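Q: Counting from 36, one number per residue, gives the positions in the sequence shown under the numbering used here. Idealized CB from N, CA, C, for every residue including glycine. All figures in this text were calculated on a predicted structure; none of them were measured in a lab.
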Amino acid sequence: MSSTSSICSSNDADFIVDTRIPASIRRDIDRFSVFINRLRNTLDLNSSVVDGESMCVNVHASLEMVSESMRDLFKYSQFKTNPIILLSLQLVQAVKDLKFDTCTVDTTPVLNIIDQLESAVLNIIL
């Protein structure tokens, strides 16, 4: 079973992804899945983050990895869709809009965009 299961919980969907999609695309989807989950975990307010500055650095580093994996996906024409491009841009903007200097950082908008972006990628591969 591939790590794509993080964006797709069904074993049937994993089978479809593993058999119909070329290995290079599967590899790039797996990278995207790993990095988008890393960003999601970095945005988890329950994790042990020392301060807003540390969280800011970690979130931006994770976003860079997601951006790299999105560039890899954009090599394939099926991922060059308006929803995926728009959500990618919205993700960057939402992270830029986070206020790390406040006592509580509202990560809800970013997490919602992450969920939508994952769904858009999943819809392409299924």
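Report the rounded CA-to-CA distance for Ser-40 versus Ile-64, giving the unit in angstroms.
A: With a pLDDT of 43 at Ser-40, under the threshold of 50, the modelled position of this residue cannot be trusted, and the question is left open.
Q: Let's test the definition: count the other Cβ atoms within 10 Å of the Cβ of Val-145 and tell me whether it reaches 16, buried, or not, exposed.
A: buried
Q: Report all residues from its chain with a CB closer than 8 Å to the CB of Ile-56; omit the five preceding and five following residues, and keep chain order.
A: Same-chain partners within the cutoff: Ile-64 and Ile-160.
Q: Which residue wins for smallest C-alpha separation from Asp-132, given the options Asn-147, Glu-153 and Thr-142?
A: For the options Asn-147, Glu-153 and Thr-142, the alpha carbon positioned closest to that of Asp-132 is the one of Thr-142.
Q: Considering Asp-65, what are the terminal residues of the alpha helix (DSSP H) in which it resides?
A: 58-77
Q: CB Ile-119 to CB Val-94, shorter than 8 Å?
A: no
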